[in-house]
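2 protein chains.
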Amino acid sequence: MNPIQGENLGTWVDGTRTDHVPADDRGLAYGDGVFETLLVRKGRPRFLDAHLARLSKGCARLRIPFAALRELRADIEAAVALAPPLAVLKIVVTRGSAVRRGYAADGAETPRRIVSLWTTVPLESGAGVMLARTSVRAADQPTLAGIKHLNRLENVLAAGEARAAGAFDALMLGGDDRLVSGAMSNVFLVRAGVLSTPLIDRAGVAGVMRGIVLRECAVLGLTVTQKNLMLEDLFGAGEVFVTNARVGVVPVLSVGEHSFDMNDIGRRLAAHIEALDA
Amino acid sequence: MNPIQGENLGTWVDGTRTDHVPADDRGLAYGDGVFETLLVRKGRPRFLDAHLARLSKGCARLRIPFAALRELRADIEAAVALAPPLAVLKIVVTRGSAVRRGYAADGAETPRRIVSLWTTVPLESGAGVMLARTSVRAADQPTLAGIKHLNRLENVLAAGEARAAGAFDALMLGGDDRLVSGAMSNVFLVRAGVLSTPLIDRAGVAGVMRGIVLRECAVLGLTVTQKNLMLEDLFGAGEVFVTNARVGVVPVLSVGEHSFDMNDIGRRLAAHIEALDA
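Chains A and B are the protein sequences, given in the same order.
Using our numbering, the letters of the first sequence correspond one by one to residues 7 to 284.
Using our numbering, the letters of the second sequence correspond one by one to residues 7 to 284.
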């Protein structure tokens with residue numbers, strides 16, 4: 007067991023506790039599905055409705071006819087009932103077992119729910135983290151951008167480079183040196199008190215925590231924009247932070263060789279979001 | 007059962023006949039693996055060595071330390087022993103069960119083999135097939151191009167559009183209107199007796215049948231080049247054909263509204279490759 011990345015505490019497949027899934031699942035065959043990763047704090051999955059909304063949106067984009075939200079909520083309740091004070095909940099919805107061999111869906115598949123619970127610990131480096139540069143580019147794919155689908159080889163390879171470099175995450179660029187995101191996080195820049203984060207219309211995932219930050223900036227009177235940002239914008243920023251559902255908001259101390267000294271706004275947002283009753 | 011797409015005749019996971027895989031497999035979580043689809047003719051998997059070579063190359067690209075080729079060959083023998091005169095064999099190798107949660111591989115995972123056997127029938131439309139245009143673009147991703155990895159949502163969505171249009175396959179373009187491939191096939195153009203097929207260095211799969219065609223062109227004295235081809239090159243071609251492991255070489259009668267009258271070279275290659283003792 008890795009203390010940070012956790013140990014599996016149980017898996018539920020279509021409501022049944024089991025460690026196995028049918029071998030003909032299209033999630034395995036083609037990555038034909040979506041997933042969510044949630045932090046469970048004191049038995050409560052944080053921002054659950056936002057996660058389920060993104061899950062549903064992803065299924066709609068992939069034309070996966072997922073309608074078992076009530077059953078999924080029951081699976082989540084069963085898992086969360088076993089959760090220690092801090093845990094990670096993972097939800098996967100695939101198109102289900104293949105009705106026919108081959109890429110094209112038949113349309114008669116029954117979507118499959120896979121819910122699993124994992125141990126986790128708070129991020130040790132609350133002061134901030136390092137991001138590595140990565141050779142893996144995020145491909146432009148507007149058809150799939152934004153949703154958290156199961157085609158994640160880019161993230162796997164980029165996160166592997168981050169791990170090899172001893173970094174928290176890897177900063178992924180598009181083919182045009184455009185900022186996209188971390189391999190497992192979204193990125194925000196702060197310059198002269200104004201926040202910005204990359205658009206995720208061509209690549210990247212519309213992170214739930216990214217959405218919470220965008221929403222809470224308004225509450226805190228902070229100005230934030232979504233726009234195309236280039237690598238030089240990152241190097242010109244006074245402050246950088248990353249977000250994801252497990253760690254919330256985390257200041258970035260450095261990206262590769264480049265360091266950032268400030269983290270006032272990141273810290274303020276981190277504390278504010280940490281304190282939200284959700 | 008769909009007569010074309012087949013019925014499952016058996017699945018072997020790491021050498022054991024079973025219908026299930028562990029739910030923590032990274033192939034399911036992230037599409038972290040590769041696959042091969044072979045035609046089994048009279049109990050013999052066609053071009054097996056070429057398929058296993060591509061599989062190994064794909065694992066190397068993804069840094070999946072797959073070394074169980076001898077065990078995989080034994081799985082294939084067990085499956086093929088049950089094969090009717092014509093069948094499809096599918097081989098999947100994933101990075102294996104997660105050692106830790108999260109994108110980055112731990113390095114201690116044990117790759118998993120999943121071999122399955124399916125019924126199939128010869129292509130009815132030997133005279134030729136129709137290709138549909140698709141709204142799904144093939145993203146430029148040099149890091150993953152060429153290998154047959156499990157991140158296939160582009161193919162799933164494009165093949166779904168082909169199926170809805172009643173077409174054999176969908177012609178996929180890059181974002182720049184560059185020809186890439188069919189969703190489940192490679193494409194060749196013929197103009198003034200000279201063959202060409204798109205490079206697969208930025209997107210697409212280096213199909214085994216594509217490789218056989220390139221090799222056999224030399225045997226037949228045909229000139230063939232791999233190069234960047236645009237949509238207008240397709241419309242300027244006298245003849246078009248597609249290739250994949252199941253159907254071999256198949257003339258294309260039309261792409262969307264555009265028809266092709268000639269199919270001499272495609273037919274000649276189809277017959278030649280069909281007759282190969284492999």
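All residues carry an ideal CB built from backbone N, CA and C; glycine is no exception.
For clarity, every value in this text was computed on a predicted model and none was experimentally measured.
Under the three-state reduction of DSSP, which class applies to L201 of chain B: helix, strand or coil?
strand
List the whole-angstrom C-beta distance separating S202 of chain B from V230 of chain B, where the pair is believed to meet the contact cut-off of C-beta under 8 Å.
7 Å
Measure the C-alpha to C-alpha separation of R81 of chain A and V99 of chain B and round it to an integer number of angstroms.
Reading off the sequence, residue 81 of chain A comes out as Asp, not Arg. Looking at the two C-alpha atoms, the distance is approximately 30 Å.
Can you list, in chain order, the residues of the stretch 50-78 of chain B whose Cβ is nearer than 8 Å to any Cβ on chain A?
L68, R69
Taking 7 Å as the cut-off, does the CB of P90 of chain B come closer than this to any heavy atom belonging to the ligand ATP?
As for the ligand ATP, it is missing from this structure, which has no ligand bound.
Could you compute how far the alpha carbon of R107 of chain B sits from the alpha carbon of R119 of chain A?
18 Å
What separation, rounded to the nearest whole angstrom, lies between the Cα atoms of A277 of chain A and K96 of chain B?
51 Å
Quick check on T116 of chain A: buried or exposed, where buried means 16 or more other Cβ atoms within 10 Å of its Cβ?
exposed
Which value, in whole angstroms, describes the spacing of the CA atoms of R208 of chain B and S187 of chain B?
12 Å
Boundaries (first-last residue) of the beta strand (DSSP E) holding I97 of chain A
92-100
Check whether the stretch 241-250 of chain A and the stretch 9-26 of chain B touch, using three or more Cβ-Cβ pairs below 8 Å as the test.
no
Which stretch, first to last residue, makes up the beta strand (DSSP E) that contains S122 of chain B?
118-125
Opposing strand residues paired with A144 of chain B [DSSP bridges]
B:G180
Is there a Cβ of chain A sitting closer than 8 Å to that of T21 of chain B, yes or no?
Note on identity: in this sequence residue 21 of chain B is Gly, with Thr being the wrong assignment. So, not an interface residue.
For M215 of chain B, name the three-state secondary structure that DSSP assigns.
helix
Would you check if there are 3 or more beta carbon pairs closer than 8 Å linking the stretch 127-137 of chain B to the stretch 247-256 of chain B?
yes
Considering Cα atoms alone, identify which of A:N250, A:T140, A:Y109, A:H264 is closest to L275 of chain A.
A:N250
Using beta carbons (cut-off 8 Å, strictly below), is P117 of chain B in contact with chain A?
no
Who are the neighbours of I3 of chain B on chain A, taking C-beta pairs under 7 Å?
Given that chain B is displayed from residue 7 to residue 284, the structure contains no residue 3 of chain B and the question cannot be resolved.
The beta strand (DSSP E) enclosing E238 of chain B, as first and last residue numbers:
Where E238 of chain B is concerned, there is no enclosing beta strand (DSSP E), although the alpha helix (DSSP H) it sits in stretches over 237-242.
Using a Cβ distance threshold of 8 Å, determine whether the stretch 213-226 of chain A contacts the stretch 171-183 of chain A, with at least three qualifying pairs required.
no
Within 8 Å, strictly: CB atoms of V121 of chain B and V46 of chain B:
no
Please list, in chain order, all residues of the same chain as I153 of chain B whose beta carbon is under 8 Å from its beta carbon, the five residues on each side excluded.
V40, R60, K63, G64, R67, L68, V211, A212
By the criterion of Cβ-Cβ separation under 8 Å, what are the contact partners of G37 of chain B in chain A?
Y36, G37, L156, N157, R158, L159
Backbone CA spacing between V268 of chain A and F53 of chain A [nearest angstrom]:
Here residue 268 of chain A turns out to be Met, not Val, going by the sequence shown. Roughly 28 Å separates the two Cα atoms.
Which word fits G12 of chain A, buried or exposed, when buried means at least 16 other C-beta atoms lie within 10 angstroms of its C-beta?
buried
If you draw a straight line from the C-alpha of L34 of chain B to the C-alpha of A198 of chain B, how long is it?
46 Å
If I measure Cβ to Cβ from V200 of chain A and keep anything under 6 Å in the same chain, skipping five residues before and after, which residues do I get?
T229
Below 8 Å CB to CB, which residues in the same chain sit around S260 of chain A once its five sequence neighbours on both sides are set aside?
M136, L137, F266
What are the boundary residues of the beta strand (DSSP E) that G166 of chain A is part of?
Run containing G166 of chain A: none in the beta strand (DSSP E); it sits in the alpha helix (DSSP H), 159-170.
For the candidate residues A:R101, A:L123, A:W124, whose alpha-carbon lies nearest to that of G113 of chain A?
A:R101
Go ahead and pull the three-state DSSP assignment for D30 of chain A.
coil
Once the 5 residues before and after E42 of chain B are set aside, which same chain residues still bring their CB inside 6 Å of it?
H57, L61, I97
Could you check the C-alpha separation between I271 of chain B and I218 of chain B for me, to the nearest Å?
15 Å
For A189 of chain B, go through chain A and note every residue whose CB falls closer than 7 Å to its CB, in chain order.
Y109
Taking D38 of chain B and S103 of chain B to be in contact with their CB atoms under 8 Å, please state how far apart those CB atoms are, rounded to whole angstroms.
About 11 Å; that fails the 8 Å criterion.
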